[in-house]
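S.K.: Please see the structure below; I have some questions.
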Ligand SMILES: Cc1cc2nc3c(=O)[nH]c(=O)nc-3n(C[C@H](O)[C@H](O)[C@H](O)COP(=O)(O)OP(=O)(O)OC[C@H]3O[C@@H](n4cnc5c(N)ncnc54)[C@H](O)[C@@H]3O)c2cc1C
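Numbering (our numbering), first residue to last: 1 to 216.
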């Protein structure tokens, strides 16, 4: 039994069969792609800002400089955040049947500011640990000044939807004999070999969290 949309604004209308509100699906997409786009209103006009995101349980987080316009204006305001993975180009027998395979998430809500140096440090540590397990402890400790200069916003995942498009082109039967190639060009984001900094302290090997980093 499909889950109902958590709110009117998350109810998919267009190609709604591709949408889901299943938290396991939403979480998997958020955890697979660290890049998000945050849409917010600045002085009456829309701004969409790309940024890194990470999930902690039922909330999604993003951080930035305390001087960041987005961090200042989105705090306490309604935002719309999206995360997208492009999985393939779908080539059909007619122009408008072309499409893309993708996994995406859209989250609505009021962005909450994380308050207090201790809480900020704990969230930054979790962000780092999710991306690069074991790294935080090895780093030069964060300073009070750095924490002051950093803001963290978060959104609950209570108003979230996912949409997934997958599979071959869906040409109508009468178009299928048309003599033009059709199919899918799969797209994968690949992670390259880690490249050590040229001024690395001597004797350091590439850590496992760098060797094993993956975008799923
Ligand atoms: C990489 C990529 C490429 C795309 N290319 C196109 C394109 O070229 N043309 C096109 O028309 N559409 C494209 N889409 C689909 C597009 O994102 C919308 O789903 C679609 O255009 C319908 O928009 P709408 O405003 O009518 O949605 P509605 O159905 O009115 O949206 C209602 C609610 O459904 C949910 N929803 C809608 N879309 C998404 C989504 N993508 N992910 C998660 N939740 C969603 C949201 O909660 C939204 O508020 C693409 C999607 C992706 C990820």
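Glycine included, each C-beta is placed from N, C-alpha and C at the ideal position.
Which residues mark the beginning and the end of the beta strand (DSSP E) in which residue 153 is found?
M.R.: From DSSP, the beta strand (DSSP E) with residue 153 extends over 150-156.
S.K.: Any chance the segment 152-164 sits against the segment 173-180, with 3 or more Cβ pairs inside 8 Å?
M.R.: With a cut-off of 8 Å, the segment 173-180 and the segment 152-164 do not count as touching, because too few Cβ pairs lie within range.
S.K.: Any heavy atom of ligand 1 inside 6 Å of the beta-carbon of residue 213?
M.R.: The answer is no for residue 213.
S.K.: Quick check: the segment 54-69 against the segment 89-103, are there 3 or more CB pairs under 8 Å?
M.R.: Short answer: they don't touch.
S.K.: Just how far apart, CA to CA, sit residue 169 and residue 51?
M.R.: Distance between the alpha carbons of residue 169 and residue 51 is about 32 Å.
S.K.: Can you give the Cα-Cα distance for residue 4 and residue 148, rounded to whole angstroms?
M.R.: Roughly 41 Å between the two C-alpha positions.
S.K.: To the nearest angstrom, report how far apart residue 58 and residue 22 are at their CA atoms.
M.R.: Rounded to whole angstroms, residue 58 to residue 22 spans 13 Å at the Cα level.
S.K.: Just checking residue 86 against ligand 1 - is the residue's beta carbon closer than 6 Å to any of the ligand's heavy atoms?
M.R.: Indeed, a heavy atom of ligand 1 lies less than 6 Å from the Cβ.
S.K.: For residue 60, which three-state DSSP category applies?
M.R.: Correct three-state label for residue 60: strand.
S.K.: Taking Cβ to Cβ, would you say residue 107 is nearer than 7 Å to residue 155?
M.R.: Taking 7 Å as the Cβ cut-off, residue 107 and residue 155 qualify as a contacting pair.
S.K.: Answer yes or no: do residue 163 and residue 18 have a C-beta to C-beta separation smaller than 7 Å?
M.R.: Yes; because the gap between Cβ atoms is below 7 Å, this pair is in contact.
S.K.: Is residue 23 helix, strand or coil by DSSP?
M.R.: Helix.
S.K.: Straight-line CA distance for residue 181 to residue 56?
M.R.: Cα to Cα, the separation comes out at about 44 Å.
S.K.: From residue 293 to residue 53, what does the alpha carbon distance come to, in whole angstroms?
M.R.: The structure shown does not extend to residue 293, since the chain is modelled only from 1 through 216, so no value can be given for it.
S.K.: Counting Cβ pairs closer than 8 Å, one from the segment 109-120 and one from the segment 198-213, do we hit at least three?
M.R.: No, they do not touch.
S.K.: Would you say the beta carbon of residue 143 is closer than 6 Å to some non-hydrogen atom of ligand 1?
M.R.: No.
S.K.: For residue 104 versus residue 84, is the C-beta distance shorter than 7 Å?
M.R.: Yes, Cβ-Cβ distance for residue 104 and residue 84 is below 7 Å.
S.K.: For residue 33 versus residue 49, is the C-beta distance shorter than 7 Å?
M.R.: Their beta carbons are not under 7 Å apart, which means residue 33 does not touch residue 49 by this criterion.
S.K.: Between 31, 116 and 76, which lies nearest to residue 145 when the distance is taken from Cα to Cα?
M.R.: The option with the nearest alpha carbon to residue 145 is 116.
S.K.: Just how far apart, CA to CA, sit residue 136 and residue 125?
M.R.: Approximately 6 Å, taken between the alpha carbons.
S.K.: Alpha carbon to alpha carbon, how far is residue 95 from residue 30?
M.R.: Rounded to whole angstroms, residue 95 to residue 30 spans 31 Å at the Cα level.
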